[in-house]
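According to mature numbering (1 follows the signal peptide of the UniProt record, and there is no 0), the sequence shown holds residues -20 to -1, 1 to 77 in order.
C-beta: ideal position from N, C-alpha, C; glycine also.
All of these numbers come straight from a predicted model, not from anything done at the bench.
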Amino acid sequence: MANPFLLSLSLCLLLLYTSACLSEGLNRFNECQLDTLNALEPDNRIESEGGVTETWNSNKPELRCAGVAFERHTIEPQGLHLPSYTNYPQIIMIVQG
């Protein structure tokens, strides 16, 4: 028969391990529970002859929870934005053209 001390010790360790795993899972679940959404200002702004490129940091809570990265290209009249390749899906919206 098993030693009662070893049996109780293994049960205590199992209980501690499961409680630690559950608390970590709950923190990960509550991480994206946003109470309010904030209007974000661009973190980086690059001005050129053809227009302006603005980017937002994807580590901000609103963008991180959505799993997106965001950038905006503002092209001046008679300006040019060269096509580029990305290896991820994109949504492109033209406001005025």
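Roughly how many angstroms lie between the CA atoms of residue i and residue j, to the nearest whole one?
{"i": "residue 40", "j": "residue 18", "result": "10 Å"}
{"i": "residue -10", "j": "residue -1", "result": "14 Å"}
{"i": "residue 28", "j": "residue 48", "result": "25 Å"}
{"i": "residue 70", "j": "residue -16", "result": "60 Å"}
{"i": "residue -14", "j": "residue 42", "result": "47 Å"}
{"i": "residue 67", "j": "residue -4", "result": "40 Å"}
Could you give the DSSP three-state label for residue i: helix, strand or coil?
{"i": "residue 16", "result": "coil"}
{"i": "residue -3", "result": "helix"}
{"i": "residue 27", "result": "strand"}
Starting from the Cα of residue i, find the closest Cα among the options and give me that residue.
{"i": "residue 74", "options": "-12, 25, 61", "result": "61"}
{"i": "residue 12", "options": "45, 64, 56, 71", "result": "45"}
{"i": "residue 36", "options": "28, 23, 48, 66", "result": "23"}
{"i": "residue 76", "options": "57, 15, 65", "result": "57"}
Grab me the residues of residue i's own chain with a C-beta within less than 7 Å of its C-beta, minus the 5 sequence neighbours each way, in chain order.
{"i": "residue 33", "result": "26, 51, 53"}
{"i": "residue 55", "result": "30, 31, 61"}
Near residue i, which residues of its chain fall below 6 Å by C-beta distance, leaving aside the five closest residues on each side in sequence?
{"i": "residue 59", "result": "30, 31"}
{"i": "residue 72", "result": "none"}
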